[in-house]
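Undergrad: Handing you this structure, nothing more for now.
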Amino acid sequence: MKKKIVEVTKVETIAQDTIEMTLAAPGITTGIQPGQFVHINVGSNSSHLLRRPISIADVDLMEQTVTIIFKVVGSGTAQLGQYKVGERLEVLLPCGTGYPIDSINMSKALLIGGGIGVPPLYYLGKKLADQGIEVISILGFQSSSNVFYESKFNQLGDCHVVTDDGTYGYKGYVTDVVDQLSLKYDYYFSCGPTGMLQAVTNKLAYQDGYISIEQRMGCGIGACYACVVPTNDGTNGFKKICKDGPVFRANEVVLR
Amino acid sequence: MKKKIVEVTKVETIAQDTIEMTLAAPGITTGIQPGQFVHINVGSNSSHLLRRPISIADVDLMEQTVTIIFKVVGSGTAQLGQYKVGERLEVLLPCGTGYPIDSINMSKALLIGGGIGVPPLYYLGKKLADQGIEVISILGFQSSSNVFYESKFNQLGDCHVVTDDGTYGYKGYVTDVVDQLSLKYDYYFSCGPTGMLQAVTNKLAYQDGYISIEQRMGCGIGACYACVVPTNDGTNGFKKICKDGPVFRANEVVLR
Amino acid sequence: MNLQTRLPGLDLKNPVMPASGCFGFGREFSELFDLNQLGAIIIKAATKEERYGNLTPRVAETSSGMLNAIGLQNPGVERIIDEELSNLRSYDVPVIANVAGSTVSEYIEVTKVLTSKAKVDAIELNISCPNVKQGGIQFGTNPELASEVTYHVKQASGNVPVYVKLSPNVADIVGMAKAVENAGADGLTMINTLTGMQISLENRTPVLANKTGGLSGPAIKPIAIRMIYDVYQHVSVPIIGMGGIMTAEDVLEFLLAGANAVAIGTANFHNPTVCPEVIQALPHVLNKYGFSSVEDAVGKGHEHETNLSRA
Amino acid sequence: MNLQTRLPGLDLKNPVMPASGCFGFGREFSELFDLNQLGAIIIKAATKEERYGNLTPRVAETSSGMLNAIGLQNPGVERIIDEELSNLRSYDVPVIANVAGSTVSEYIEVTKVLTSKAKVDAIELNISCPNVKQGGIQFGTNPELASEVTYHVKQASGNVPVYVKLSPNVADIVGMAKAVENAGADGLTMINTLTGMQISLENRTPVLANKTGGLSGPAIKPIAIRMIYDVYQHVSVPIIGMGGIMTAEDVLEFLLAGANAVAIGTANFHNPTVCPEVIQALPHVLNKYGFSSVEDAVGKGHEHETNLSRA
Ligand SMILES: Cc1cc2nc3c(=O)[nH]c(=O)nc-3n(C[C@H](O)[C@H](O)[C@H](O)COP(=O)(O)OP(=O)(O)OC[C@H]3O[C@@H](n4cnc5c(N)ncnc54)[C@H](O)[C@@H]3O)c2cc1C
Ligand SMILES: Cc1cc2nc3c(=O)[nH]c(=O)nc-3n(C[C@H](O)[C@H](O)[C@H](O)COP(=O)(O)OP(=O)(O)OC[C@H]3O[C@@H](n4cnc5c(N)ncnc54)[C@H](O)[C@@H]3O)c2cc1C
Ligand SMILES: Cc1cc2nc3c(=O)[nH]c(=O)nc-3n(C[C@H](O)[C@H](O)[C@H](O)COP(=O)(O)O)c2cc1C
Ligand SMILES: Cc1cc2nc3c(=O)[nH]c(=O)nc-3n(C[C@H](O)[C@H](O)[C@H](O)COP(=O)(O)O)c2cc1C
Ligand code: FES
Ligand code: FES
Numbered sequence: 000m001k002k003k004i005v006e007v008t009k010v011e012t013i014a015q016d017t018i019e020m021t022l023a024a025p026g027i028t029t030g031i032q033p034g035q036f037v038h039i040n041v042g043s044n045s046s047h048l049l050r051r052p053i054s055i056a057d058v059d060l061m062e063q064t065v066t067i068i069f070k071v072v073g074s075g076t077a078q079l080g081q082y083k084v085g086e087r088l089e090v091l092l093p094c095g096t097g098y099p100i101d102s103i104n105m106s107k108a109l110l111i112g113g114g115i116g117v118p119p120l121y122y123l124g125k126k127l128a129d130q131g132i133e134v135i136s137i138l139g140f141q142s143s144s145n146v147f148y149e150s151k152f153n154q155l156g157d158c159h160v161v162t163d164d165g166t167y168g169y170k171g172y173v174t175d176v177v178d179q180l181s182l183k184y185d186y187y188f189s190c191g192p193t194g195m196l197q198a199v200t201n202k203l204a205y206q207d208g209y210i211s212i213e214q215r216m217g218c219g220i221g222a223c224y225a226c227v228v229p230t231n232d233g234t235n236g237f238k239k240i241c242k243d244g245p246v247f248r249a250n251e252v253v254l255r
Numbered sequence: 000m001k002k003k004i005v006e007v008t009k010v011e012t013i014a015q016d017t018i019e020m021t022l023a024a025p026g027i028t029t030g031i032q033p034g035q036f037v038h039i040n041v042g043s044n045s046s047h048l049l050r051r052p053i054s055i056a057d058v059d060l061m062e063q064t065v066t067i068i069f070k071v072v073g074s075g076t077a078q079l080g081q082y083k084v085g086e087r088l089e090v091l092l093p094c095g096t097g098y099p100i101d102s103i104n105m106s107k108a109l110l111i112g113g114g115i116g117v118p119p120l121y122y123l124g125k126k127l128a129d130q131g132i133e134v135i136s137i138l139g140f141q142s143s144s145n146v147f148y149e150s151k152f153n154q155l156g157d158c159h160v161v162t163d164d165g166t167y168g169y170k171g172y173v174t175d176v177v178d179q180l181s182l183k184y185d186y187y188f189s190c191g192p193t194g195m196l197q198a199v200t201n202k203l204a205y206q207d208g209y210i211s212i213e214q215r216m217g218c219g220i221g222a223c224y225a226c227v228v229p230t231n232d233g234t235n236g237f238k239k240i241c242k243d244g245p246v247f248r249a250n251e252v253v254l255r
Numbered sequence: 000m001n002l003q004t005r006l007p008g009l010d011l012k013n014p015v016m017p018a019s020g021c022f023g024f025g026r027e028f029s030e031l032f033d034l035n036q037l038g039a040i041i042i043k044a045a046t047k048e049e050r051y052g053n054l055t056p057r058v059a060e061t062s063s064g065m066l067n068a069i070g071l072q073n074p075g076v077e078r079i080i081d082e083e084l085s086n087l088r089s090y091d092v093p094v095i096a097n098v099a100g101s102t103v104s105e106y107i108e109v110t111k112v113l114t115s116k117a118k119v120d121a122i123e124l125n126i127s128c129p130n131v132k133q134g135g136i137q138f139g140t141n142p143e144l145a146s147e148v149t150y151h152v153k154q155a156s157g158n159v160p161v162y163v164k165l166s167p168n169v170a171d172i173v174g175m176a177k178a179v180e181n182a183g184a185d186g187l188t189m190i191n192t193l194t195g196m197q198i199s200l201e202n203r204t205p206v207l208a209n210k211t212g213g214l215s216g217p218a219i220k221p222i223a224i225r226m227i228y229d230v231y232q233h234v235s236v237p238i239i240g241m242g243g244i245m246t247a248e249d250v251l252e253f254l255l256a257g258a259n260a261v262a263i264g265t266a267n268f269h270n271p272t273v274c275p276e277v278i279q280a281l282p283h284v285l286n287k288y289g290f291s292s293v294e295d296a297v298g299k300g301h302e303h304e305t306n307l308s309r310a
Numbered sequence: 000m001n002l003q004t005r006l007p008g009l010d011l012k013n014p015v016m017p018a019s020g021c022f023g024f025g026r027e028f029s030e031l032f033d034l035n036q037l038g039a040i041i042i043k044a045a046t047k048e049e050r051y052g053n054l055t056p057r058v059a060e061t062s063s064g065m066l067n068a069i070g071l072q073n074p075g076v077e078r079i080i081d082e083e084l085s086n087l088r089s090y091d092v093p094v095i096a097n098v099a100g101s102t103v104s105e106y107i108e109v110t111k112v113l114t115s116k117a118k119v120d121a122i123e124l125n126i127s128c129p130n131v132k133q134g135g136i137q138f139g140t141n142p143e144l145a146s147e148v149t150y151h152v153k154q155a156s157g158n159v160p161v162y163v164k165l166s167p168n169v170a171d172i173v174g175m176a177k178a179v180e181n182a183g184a185d186g187l188t189m190i191n192t193l194t195g196m197q198i199s200l201e202n203r204t205p206v207l208a209n210k211t212g213g214l215s216g217p218a219i220k221p222i223a224i225r226m227i228y229d230v231y232q233h234v235s236v237p238i239i240g241m242g243g244i245m246t247a248e249d250v251l252e253f254l255l256a257g258a259n260a261v262a263i264g265t266a267n268f269h270n271p272t273v274c275p276e277v278i279q280a281l282p283h284v285l286n287k288y289g290f291s292s293v294e295d296a297v298g299k300g301h302e303h304e305t306n307l308s309r310a
């Protein structure tokens with residue numbers, strides 16, 4: 000993990016309130032694993048004292064860029080969305096522990112993403128596809144206006160989009176699609192709101208899988224104990240999402 | 000006094016750390032008297048909660064613009080200096096009570112300005128010259144790099160520049176120049192640092208004059224009692240600089 | 000959307016009013032907007048005699064806040080009535096008079112004059128001004144003294160309700176609130192400023208002539224919210240909340256914490272039309288978060304807790 | 000420029016150290032800069048047994064500040080010594096251990112272990128943590144209790160100096176400072192956080208699972224400066240100042256107020272390399288304002304006053 004000044008090289012609204020932003024700096028891509036995040040200083044001292052964690056959605060080794068996709072939900076993401084091409088941001092990256100793809104033996108993977116949980120799955124899918132692993136994805140969004148990256152996921156393999164209100168693709172939740180498709184795969188990889196992750200891990204309790212979770216962060220590097228999640232091993236212990244995670248084995252931690 | 004959204008139409012560095020900025024909005028010039036100020040919202044809520052008072056240095060009735068000149072001395076003026084042509088600012092104007100030029104009978108006026116006290120004297124001098132009053136000015140600056148508006152004042156009448164270190168014009172203080180020139184005039188008008196105003200009012204104690212003074216402000220409109228100055232009438236009373244001033248008769252208030 | 004708010008002695012069009020000391024007597028702001036829009040007006044502190052206040056500088060800016068040490072400058076209660084209250088009375092807005100003093104008898108006298116001669120709608124008992132040498136804050140940090148002055152002022156105020164303004168510079172805000180409630184306070188206003196200081200690096204001396212000043216603005220909002228939340232659970236008189244309000248969202252946060260109405264102070268300096276703007280935005284904000292009136296939102300930040308403890 | 004600072008038991012290269020709880024045990028920050036640059040390190044609070052802390056969310060952002068309610072999560076003093084202190088000892092930087100507890104005897108035990116087994120350079124007695132149900136803040140808001148725990152910990156610490164960390168949630172900070180000085184404190188660290196709360200409009204409940212949290216960051220700097228300024232005039236033990244420091248200019252403001260050294264907390268989250276950056280900027284800032292060393296600046300914000308009162 001390094002502190003870097005990066006240049007914004009692309010800003011594009013790709014869905015409702017959803018911004019795709021590309022950050023460039025020499026050496027920026029070194030050591031990035033899918034599932035890791037960038038910890039972004041979005042403002043001046045007084046306006047935003049705490050950084051904002053945003054997942055790495057894509058990496059371009061040739062251009063030395065990292066792409067993030069974020070939804071404007073509050074003042075921090077609103078301010079981040081104000082940055083223009085050519086402006087500079089100060090970031091920490093890569094942060095956290097990503098998906099351990101090099102140590103998993105598999106031939107077919109299911110990606111299950113919800114809303115702003117979709118972005119980290121894209122870089123994951125790309126890396127898996129590179130390794131010759133078959134990638135199927137189920138992406139859930141609130142409504143048709145929120146859908147993004149469908150065609151990009153389609154390039155990696157079958158991609159099924161589902162919306163809460165049925166205005167695009169399937170109607171319902173990602174778990175409904177899991178039911179309908181009755182897929183076969185070795186591992187699943189999921190990222191999304193806590194409610195979705197609970198539904199997914201319950202439904203796929205018999206399956207091996209990895210999930211990526213969120214929590215409000217202080218330091219983002221493992222020093223302050225703000226972002227803990229209880230472990231599922233009966234010890235009353237905690238894991239730090241910013242350092243031990245955000246990716247965990249599906250049954251490693253308690254979701255609530 | 001009105002609250003206005005104005006557009007920045009000119010930003011120019013005219014001396015060391017000294018910025019001339021022109022603000023435009025329909026109706027902006029209505030009712031402005033020389034010596035009044037603009038109370039400027041320089042930033043967002045949290046970065047600068049208090050507005051910054053800056054004197055009106057010039058007014059263009061045709062273009063509906065107001066010009067201000069300010070020195071970057073701290074974070075507020077630094078932020079103000081970041082505004083670019085085309086950007087908008089929210090201001091209160093015109094604030095305070097200016098020089099009562101319509102009610103003074105005179106044929107010759109002496110303007111004595113020091114540093115960032117020079118700007119309000121320019122619009123004053125222009126109005127006086129318009130009325131056919133002879134205008135002589137003495138402008139004091141720290142050093143040659145701080146000098147501005149000399150030629151503009153020269154167009155109004157004789158202008159004598161003095162620098163503390165003698166790197167431009169006379170060497171010394173404005174009061175030294177007053178001594179050397181032994182001028183005749185009906186009224187003097189002075190604006191500058193408190194020390195200079197004390198020296199000027201002491202030296203010219205036998206003369207009629209007006210001074211313009213500064214104090215840290217809260218509201219800038221007369222409601223909070225932050226910006227008071229003791230009156231010289233033996234009552235222990237106070238005047239509000241933001242409303243009763245910033246212009247006062249030379250012996251009306253106690254300088255300290 | 001119904002913004003009406005009923006408090007002892009105060010029938011408010013809406014729950015938003017300017018805070019004491021940040022609005023003078025309304026005269027200057029009336030140049031910028033129609034004061035009739037306000038829920039009420041809390042006027043600047045009145046003392047028995049004229050007070051000249053502290054030396055300048057009296058204000059300084061801090062991160063998301065400001066310090067002030069005005070020192071209760073005011074022309075004295077009689078001149079306030081003659082010169083200011085008659086003017087304010089031309090508006091259809093309840094007036095709350097902030098009463099300050101150095102001794103219990105000064106508080107009593109000022110209250111008597113204001114309630115008999117001026118017929119103000121409510122008294123705000125300022126036992127929390129940190130910027131005067133005598134009186135004020137001692138009353139506000141000692142429950143016995145606070146209780147004593149409240150009791151006597153209540154006796155003196157006739158049927159005009161008395162709101163006691165609490166100081167946040169205490170370890171036990173609930174204890175203070177209970178003390179003044181037991182002494183007869185009809186309501187609480189909270190919070191006043193926290194004592195702070197800024198030192199000038201150039202001058203090597205405190206920026207304010209009074210050295211210390213009262214910290215206000217968004218910086219102190221979390222402290223205000225916490226204190227109101229705690230006090231709401233332990234007293235039954237209504238609360239007028241304040242401390243760092245800048246937006247209608249902030250107003251709702253205070254309502255959720257347990258305030259029945261709110262006052263806006265420092266924000267008036269940043270934006271002199273903040274009060275009417277907040278009032279205008281409030282219906283939309285209430286509606287956005289699922290409330291159908293102001294009263295509907297009061298104390299709703301405690302709901303979850305009740306649910307949990309019932310479970 | 001001489002940045003050396005000498006405090007009881009602590010011979011510091013420079014007066015800047017990370018504050019307790021904001022730097023863990025230094026491990027993560029050592030990836031970003033060489034810890035040898037620091038004046039000292041104050042480690043996260045240690046309790047006798049492992050503590051799991053509060054539920055999440057544990058932090059929230061406020062205007063120029065943040066709230067935290069970590070709740071003293073730590074692996075217990077023995078594991079801190081085994082897993083963390085041996086690693087920290089590889090740096091040439093004094094280590095100050097923050098000691099927390101629910102009872103006087105827990106404070107004593109933890110102190111004994113830390114001073115005998117681990118040979119820390121100083122103890123910071125945390126009697127001011129607002130985020131645990133038992134212990135902590137009660138000690139910090141009651142001068143008798145504070146004095147008692149200080150006295151006993153001082154007995155237990157041998158020749159390792161004890162700095163007592165003061166809570167700002169009190170009406171009389173000078174009284175607290177005098178109480179612990181009289182009980183034998185070798186120094187003071189101040190201030191800890193102010194108790195605050197944020198309420199979520201969406202969820203209608205406090206954002207933090209613990210409901211209240213400690214407010215830190217630039218928002219509280221004026222309160223810290225005021226408290227240090229006041230305490231400096233009434234005690235003779237040295238002060239390690241903290242509360243909202245972001246820059247070398249802020250450090251100088253604390254020195255002028257009377258701090259002999261400073262700690263940086265929240266700013267580490269905004270910028271994890273803030274400590275070395277501030278240390279690097281400090282000589283220039285001291286020089287700019289006419290000081291020739293750190294010691295030269297300590298307490299100089301009081302000078303004018305001395306001059307005035309002498310006149
Ligand atoms: C590891 C990780 C990866 C993430 N990746 C993405 C991503 O790729 N795209 C995306 O749009 N969002 C992502 N998020 C969520 C994103 O960080 C929040 O939406 C953002 O911080 C909200 O900030 P705000 O100021 O706009 O909102 P506000 O609500 O104003 O934020 C206020 C405070 O709450 C915190 N906060 C609020 N919501 C969250 C949340 N869900 N998680 C963490 N902190 C929160 C903020 O950090 C801030 O401290 C991720 C979160 C984590 C923890
Ligand atoms: C009526 C009036 C007219 C003015 N006209 C001009 C002008 O034409 N050009 C110009 O360059 N400056 C002028 N000033 C001074 C200008 O307002 C200050 O330089 C400016 O506010 C400093 O802000 P800052 O944030 O850069 O400095 P900081 O020192 O960071 O300011 C911090 C705080 O101090 C206040 N402050 C600091 N110095 C002064 C001061 N001298 N007067 C009032 N408040 C101060 C600021 O308002 C702010 O609250 C005028 C001041 C007044 C009262
Ligand atoms: C300049 C100024 C003057 C004040 N004068 C008074 C006063 O006279 N009486 C009083 O009770 N409170 C006074 N206050 C406190 C405010 O009424 C209010 O309680 C406090 O500022 C917190 O609210 P805010 O953060 O919205 O400003 C004053 C505050 C400021 C900033
Ligand atoms: C996340 C967090 C955790 C903290 N943990 C502790 C702690 O364990 N012990 C302690 O004495 N103070 C603790 N503090 C208080 C800080 O050490 C410091 O006193 C306070 O935050 C003020 O400084 P700052 O404004 O620079 O952060 C903590 C503060 C924060 C923000
Ligand atoms: S955010 Fe600090 S430990 Fe995770
Ligand atoms: S600044 Fe408020 S009265 Fe002058």
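So the sequence lines, in the order shown, correspond to chains A, B, C and D. Just so we're aligned: 201 in numbering that gives the first Met the number 0 is position 202 of the first sequence, and the numbers increase by one with no gaps anywhere. Just so we're aligned: 69 in numbering that gives the first Met the number 0 is position 70 of the second sequence, and the numbers increase by one with no gaps anywhere. Just so we're aligned: 67 in numbering that gives the first Met the number 0 is position 68 of the third sequence, and the numbers increase by one with no gaps anywhere. Just so we're aligned: 234 in numbering that gives the first Met the number 0 is position 235 of the fourth sequence, and the numbers increase by one with no gaps anywhere. Idealized CB from N, CA, C, for every residue including glycine.
Using the Cα positions of C:A256 and C:A223, report the straight-line distance between them to the nearest angstrom.
TA: By one-based count along the third sequence, residue 256 of chain C stands at place 257. By one-based count along the third sequence, residue 223 of chain C stands at place 224. Taking the straight line joining both Cα atoms gives about 9 Å.
Undergrad: Quick check on the burial criterion: 16 or more other C-beta atoms within 10 angstroms. Buried or exposed for B:N250?
TA: Residue numbering aside, residue 250 of chain B sits at position 251 when the second sequence is read from its first letter. Classification of B:N250: exposed, given that the 10 Å Cβ count is below 16.
Undergrad: Can the beta-carbon of B:L180 be found closer than 7 Å to that of B:V160?
TA: Within the second sequence, residue 180 of chain B is the residue found at index 181, counting from 1. Within the second sequence, residue 160 of chain B is the residue found at index 161, counting from 1. No, these two residues do not count as a Cβ contact at 7 Å.
Undergrad: Across the segment 93-109 of chain A and the segment 33-43 of chain A, are there enough close Cβ pairs to call them in contact, namely three or more that are closer than 8 Å?
TA: yes
Undergrad: List the residues of chain A that D:Y51 touches, going by C-beta distances under 9 Å, in chain order.
TA: Mapped onto the fourth sequence, residue 51 of chain D falls at position 52. Residues of chain A passing the Cβ test: V227, P229, N235, G236, F237.
Undergrad: For ligand 4, I want to know if B:C223 counts as a neighbour, meaning its beta carbon is within less than 6 Å of at least one of the ligand's heavy atoms.
TA: Taking the second sequence and counting its residues from 1, the one referred to as residue 223 of chain B is at position 224. Because no heavy atom of ligand 4 lies under 6 Å away, the Cβ of B:C223 does not count as near it: no.
Undergrad: Applying the 10 Å Cβ sphere with the 16-neighbour rule, what's the burial state of D:R225?
TA: Walking along the fourth sequence from the start, residue 225 of chain D turns up at place 226. D:R225 is buried by the Cβ-count criterion.
Undergrad: Would you say A:R256 reaches chain D, if we count a Cβ-Cβ gap shorter than 7 Å as a contact?
TA: Only positions 0 to 255 of chain A appear in the structure, and residue 256 of chain A is not among them; the question remains open.
Undergrad: Should the segment 75-86 of chain C be called in touch with the segment 72-82 of chain D, which here means at least 3 C-beta pairs below 8 Å?
TA: no
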